[in-house]
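Top to bottom, those sequences are chains E and F. Counting along the first sequence from 1, when you hit position 482 you're at 1027 in our numbering, and nothing is skipped either side. Counting along the second sequence from 1, when you hit position 258 you're at 746 in our numbering, and nothing is skipped either side. Ideal placement from N, C-alpha and C gives every residue a C-beta, glycine not left out. Nothing here was measured: the structure is a model prediction, and the numbers come from that model.
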Amino acid sequence: MTERIKGIIQDTRLEFHQKRGQLAYEAENMLPYVGINERSKEYLDKRIICDIFEGHAPYRPRYILPDYLRFMKNGSEYLGIKPPEDLYEAVNALLIIYRYVPSITGYPVYLGQADELLEPYMDTVNGQEAEKLLRLYLTHIDRVMPDAFVHMNIGPRDTKAGRLILKLEAELRKAVPNISMKYSEETPADFARLAVATALEVGKPYFINHSAMLALLGENYGIASCYNSLNIGGGSHTLVRLDLKAAAGLAGGYQAFMDAVLPDAIASLCDIINARARFLVEASGFFQSSFLVREGLIQLSRFTSMAGVFGLYEAVELLSDGLRMGHDRPADDMADAIVRRARELVKGQTGAYCDGTGGKIGFHAQSGIDSDLDVTAGVRIKAGMEPGLFEQIRLQGSLQGYFDTGVSDIYNFDSTAKKNTGGVLKIINGAMKNGILIFALNTADSELVRITGYLVKRSDIRKYENGDPLREGTVKLGADSIKNKSVLERRIWKSDEGCC
Amino acid sequence: MMKAVVNRIIPNTLIDGPGSRMAIFLQGCNMNCLYCHNPETQNQCTGCGYCTGVCPAGALTLSGNKVNYNQEVCCGCDRCIGMCPHSASPKCLELEDEALFETVKANEDFIDGVTLSGGECTLQYRWIQAFFSRVKAQTGLSCFIDTNGYMDEAVIRELCEVTDGFMFDLKALNKEKHVLLTGLDNRLVLENMSYVSEQQRLYEVRTVVVPGFTDSEEEIGNISEYIRTLNAYTCFKLIRFRRQGVRSILSDFEELSKETFEHLYNIAYNILGSRAVNTD
Ligand code: SF4
Ligand code: SF4
C-alpha cells in the first residue's frame, strides 16, 4: 500500500489533480467493499465482473445529469448565483456549476443541452461577442475540465448556439468537451450536414437517434460520459460490467452458458450493483446533503443503475467454435440470443433505487477501458474484422435496441467523405432506420482519435509515450487503449476511386 | 432476364455521383486510354487460361475455354490481373439484372442511388435499360452513368430515358490530344455531351489532368469555358494524374505536382466558380 501511494506521488506523468484523485481512490479502498455475497466477490476477484474503478464505498453517483435548465431559471442559493440575464451571465453560471457536479473522475460527465441552455441569451449580445463568449466557454471547459468523458448535448432543434458550437469545435480541434447531437426529422438537413462536416473533422458530435431515445426514456434524457443515455435530473448510481468473453470461458458450451453461467454471472452483477446503490443512497449521505438534491437539480427518483456487458464478439467466437459476428449468420443469431437473454436476466431482477428506469437496472453495452486486452467493446464487431459497412450497421442496429442506457458503434470514413456530407447523412439516416441508437464517426486522417467513447489527440498520445505530463487523464487511457486494442486498425470505409 | 459482365461492385461510395451510392463496374471498354488506371476492365476474358497458373490460392480453374473463379478462396492478390495478356479479368461475374437489383434493394435505406461505371458500361446498354427500369419502377433511387461518351446517338437517347444523371469522362477537348490519348476522335463525345446537357442530365464532366496532354492552362481553360456555355449547372471535376495502375508509356511519366494541379484548378474556378470541383 505505501509503495502504491508513493508510486502515485512520484509519477511524473501525472499532474496534481490526477494524483489527488488517485490518492483519494486509494483512501476509499482502505474501507471494506460494500456488502455483496461470496459468489459476487469471486467474480470481482477474477475480474469477470468489474466496477471500473468506482471504489469500495461509493460516496457520489457515477453519472449525474443535473437539470441545468432549472438552474438557469432559478439560479442557485447554494452557489449564490442569480438567474442569468445575458449571455455573459449564462456562460459564467454554467462554468461555475460544472465544478460542483461530482463524478468518478471529479469532472462533470454531463454539461447539459448546451444549445437550449444558451439560446435564450444569444440575442443579448452582438454576433461577434456571442462567438467570443462561446469560444471562451468551450476553451474554459477544455482547460479546466480536461477529461474526454466531459460530455455536452446539442440538437435536435436548429439553434444559433448549436451552429456556433459546431463551428467553433471544428476550429478549436480539442478532445474536450465530447458532444452528442440529438438528431431527428426535426433537425434541418443543413444543420445536420454541418454536424457531419464537424464530425468528419474532429470525431464529434455523435448522432443520437432522437425518436428512438424518446421512446426509450422520454423527452428528458441526456447523453453523458461515453454513450450513456440517462434521465436529466437524475443519472446512474453505478456502472458495473460483465466480461462476456471471460464468462463464456467458464462454460462448457453454448447451452451451459445460456442455462447456467450467464444467469449466475448476471445475478452477481445485479447483486454488486444493488449493493453499491444501497450504500450510496442509504449510507453515504450523498442524497441527504448535496445541494443538487436540495435545489431540485437532481431527484433520486430519476436515477437508475447500469449493468454493462462487453466482449460479445469473443464470447460468440468461443461458444460457436470460431464463427464470426458480421460474417456468419449463425454467429449473428447467437449474438442476438445472448444479448436478449442477458437483458431478460437483468430486467428480471429488482433494481435498488432504479425508479429512473421503472425499478429495473438499466442495460448497457459497455464500450471498453484501456486495460482490456483482446476483447471487443460492448456488442461491437472486433476492430479490423468488420464486414461491409451496411452489414455492420444492420447487425448492430438489430442488437442496439436491447439497450436502454447506452450502446454505440463507430464507423470510420476516409477523407473523401468530407466532400460529400449529404452522402454520409444518408447513411446515418439509413442506420437509424435500421435501429442504430448512437452513431459515431471518424475519419482516418483525423488528428483526434476516437478511443471507445471519447477522443484523444494523436500528438498527446505521442507526448504521453515520451513521458511528458498531460492535462487529460483520458490521454493515458487512450494511449494504453491504442496499444492494447488495435483502435487504429478499425476498418476504414474507403470510397474507391472509380475506373477511368 | 439479361446478364451483365460485372467487374466489381462497390456497395458504398461517396465519390461516384450525388450522395451515397452503390457503384457497379461493368466489364469492357471501347477506348484504350494511355492513362487507363484499370486496364483489367478493358476486354472480355478470352478463356486463354494463362492466369490460372499464377493464382496462389487455387481460386482459378479452367473448364473448356472458360475460367471458373472461386470468390471464397481468392486472397485478392490481383496477380491474375497483372499477368492477363488481354487486359481482362478472370474475376468478373455474369449477373442477371434481377440478382443485382436484389443487392441494390437490400441496401436501399443507405443509398441515394446507383451508378454504373466501367470499363465503358454503355457497351451493355440493353442490360442497363432493363436494370435501370427495374430500379426506377421499384425504388426511389436515382440512376447515374459514368461514361466516356463514345456511343451512337440512338444509344444515348435511349439511355436518357432511364438515367437521371451522367458523368462524362472527357479525356481531352483538344481533338489531337484526344486522339493521342484514346485513339479516337472526340466529335461524337462532344455531340452526346451537348445532347445530355440539353436533357438536363449532365451532372458532371471529369477530366484527368495528364502531364503533356491536358495540363495546359489553355486546355483546362477551354474545357471550363465549354462547360460554362453548355449550361448553368454541370460540375467540372479535375482529377490529378497518378501512375498507380497505369501500364502504358505513361507509367514512366512524372505525376503532376500538387502546385501545378492547384494552379489549373484555379483557372477552372475562375470560370466556373464552385461548379469546379477539386478532388485533391
Ligand atoms: S482473364 Fe485474361 S489470362 Fe485469364 S483466362 Fe481470361 S483472358 Fe486469359
Ligand atoms: S486475385 Fe487472382 S490470382 Fe490472386 S487469389 Fe484471387 S483469383 Fe487468384
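Cβ closer than 8 Å: which chain E residues qualify as neighbours of residue i?
i, result
"residue 499 of chain F", "933, 934 and 935"
"residue 502 of chain F", "958, 961, 962, 964, 965, 968, 969 and 1040"
"residue 507 of chain F", "965, 967, 968 and 971"
Of all the options the options, which has the alpha carbon lying nearest to the alpha carbon of residue i?
i, options, result
"residue 864 of chain E", "E:570, E:623 and E:878", "E:878"
"residue 856 of chain E", "E:603, E:883, E:746 and E:698", "E:883"
"residue 469 of chain F", "F:723, F:589, F:642 and F:766", "Since the displayed chain F opens at 489 and closes at 768, residue 469 of chain F lies outside it and no answer follows."
"residue 664 of chain E", "E:648, E:694, E:635 and E:681", "E:635"
"residue 924 of chain E", "E:905, E:945, E:936 and E:794", "E:945"
"residue 692 of chain F", "F:578, F:639 and F:760", "F:760"
"residue 571 of chain F", "F:536, F:559, F:593 and F:554", "F:536"
"residue 562 of chain F", "F:580, F:610, F:648 and F:743", "F:580"
"residue 688 of chain E", "E:718, E:674 and E:676", "E:718"
"residue 712 of chain E", "E:640, E:677 and E:695", "E:677"
"residue 829 of chain E", "E:679, E:987, E:601 and E:975", "E:601"
"residue 853 of chain E", "E:690, E:728, E:931 and E:596", "E:596"
"residue 701 of chain F", "F:661, F:750 and F:768", "F:661"
"residue 520 of chain F", "F:737, F:748 and F:753", "F:737"
"residue 598 of chain E", "E:614, E:572 and E:640", "E:572"
"residue 588 of chain E", "E:621, E:792, E:890 and E:780", "E:792"
"residue 947 of chain E", "E:917, E:887, E:896 and E:934", "E:887"
"residue 574 of chain E", "E:594, E:582 and E:549", "E:549"
"residue 851 of chain E", "E:578, E:631, E:780 and E:939", "E:780"
"residue 628 of chain F", "F:593, F:657, F:604 and F:671", "F:593"
"residue 707 of chain E", "E:667, E:862 and E:581", "E:667"
"residue 700 of chain E", "E:754, E:859 and E:690", "E:754"
"residue 943 of chain E", "E:578, E:977 and E:673", "E:977"
What whole-angstrom Cβ distance do residue i and residue j have, given they're in contact under 8 Å?
i, j, result
"residue 605 of chain E", "residue 784 of chain E", "Rounded, the Cβ-Cβ distance is 13 Å, inconsistent with contact."
"residue 621 of chain F", "residue 667 of chain F", "Going by Cβ atoms, the distance from residue 621 of chain F to residue 667 of chain F rounds to 36 Å, so no, they are not a contact pair."
"residue 834 of chain E", "residue 768 of chain E", "That pair is no contact at about 27 Å."
"residue 637 of chain F", "residue 514 of chain F", "Residue 637 of chain F to residue 514 of chain F, Cβ: 15 Å. No contact."
"residue 966 of chain E", "residue 592 of chain E", "Not confirmed; about 42 Å, so no contact."
"residue 741 of chain F", "residue 699 of chain F", "6 Å"
"residue 822 of chain E", "residue 898 of chain E", "5 Å"
"residue 532 of chain F", "residue 576 of chain F", "6 Å"
"residue 491 of chain F", "residue 583 of chain F", "6 Å"
"residue 654 of chain F", "residue 684 of chain F", "5 Å"
"residue 652 of chain F", "residue 682 of chain F", "Rounded, the Cβ-Cβ distance is 18 Å, inconsistent with contact."
Against residue i, what residues of chain E qualify as contacts under a CB-to-CB distance less than 7 Å, listed in chain order?
i, result
"residue 674 of chain F", "Those do not exist, as residue 674 of chain F stays about 15 Å from chain E at its closest Cβ, beyond 7 Å."
Any residues in the segment 962-992 of chain E with a beta carbon nearer than 8 Å to a beta carbon of chain F? Which ones, in chain order? Cβ contacts with chain F come from 962, 964, 965, 967, 968, 969, 971, 972, 974, 975, 976, 978 and 979.
Could you tell me whether the segment 530-546 of chain F touches the segment 721-732 of chain F, using the rule of 3 or more Cβ pairs below 8 Å? Between the segment 530-546 of chain F and the segment 721-732 of chain F, the count of C-beta pairs closer than 8 Å stays below three; the two stretches do not touch.
Indicate whether the contact test is met: 3 or more Cβ pairs, each with one atom in the segment 759-778 of chain E and one in the segment 812-823 of chain E, closer than 8 Å. Not touching, per the Cβ criterion.
Can you confirm whether the segment 598-618 of chain F touches the segment 497-512 of chain F when touching is taken to mean that 3 or more C-beta pairs between the two stretches lie within less than 8 Å? Cβ pair count under 8 Å is three or more, so yes.
Check whether the segment 945-952 of chain E touches the segment 978-989 of chain E, counting contact only when three or more Cβ pairs, one atom from each stretch, lie closer than 8 Å. Pairwise C-beta distances place the segment 945-952 of chain E in contact with the segment 978-989 of chain E, as three or more of them are shorter than 8 Å.
Give me the pocket residues for ligand 3, defined as CB within less than 7 Å of any heavy atom, sorted by chain position. Of the ligands one can find in the structure shown, namely ligand 1 and ligand 2, none is ligand 3.
Which residues, in chain order, does the segment 541-573 of chain F contribute to contact with chain E at a C-beta distance below 8 Å? Listed in sequence order: no entries.
Select from the segment 573-600 of chain F all residues with a C-beta closer than 9 Å to any C-beta belonging to chain E, and list them in chain order. Within the segment 573-600 of chain F, the residues whose Cβ lies closer than 9 Å to any Cβ of chain E are, in chain order, 594, 595, 596, 597, 598, 599 and 600.
Three or more C-beta pairs closer than 8 Å, one from the segment 553-567 of chain E and one from the segment 741-755 of chain E: is that the case here? Result no; under three Cβ-Cβ pairs closer than 8 Å.
Would you check if there are 3 or more beta carbon pairs closer than 8 Å linking the segment 903-917 of chain E to the segment 780-794 of chain E? With contact defined as three or more Cβ pairs closer than 8 Å, the segment 903-917 of chain E and the segment 780-794 of chain E are in contact.
Inspect the CB distances between the segment 610-630 of chain E and the segment 658-673 of chain E and report whether three or more fall short of 8 Å. Judged by Cβ distances under 8 Å, the segment 610-630 of chain E makes contact with the segment 658-673 of chain E, as three or more pairs qualify.
I'd like to know if the segment 678-685 of chain E and the segment 793-808 of chain E are in contact, where contact means that at least 3 CB-CB pairs between them fall below 8 Å. Output reads no: the segment 793-808 of chain E does not touch the segment 678-685 of chain E.
Between the segment 930-937 of chain E and the segment 494-501 of chain F, do at least 3 Cβ pairs fall closer than 8 Å? Contact between the segment 930-937 of chain E and the segment 494-501 of chain F is present: three or more C-beta pairs spanning the two stretches fall below 8 Å.
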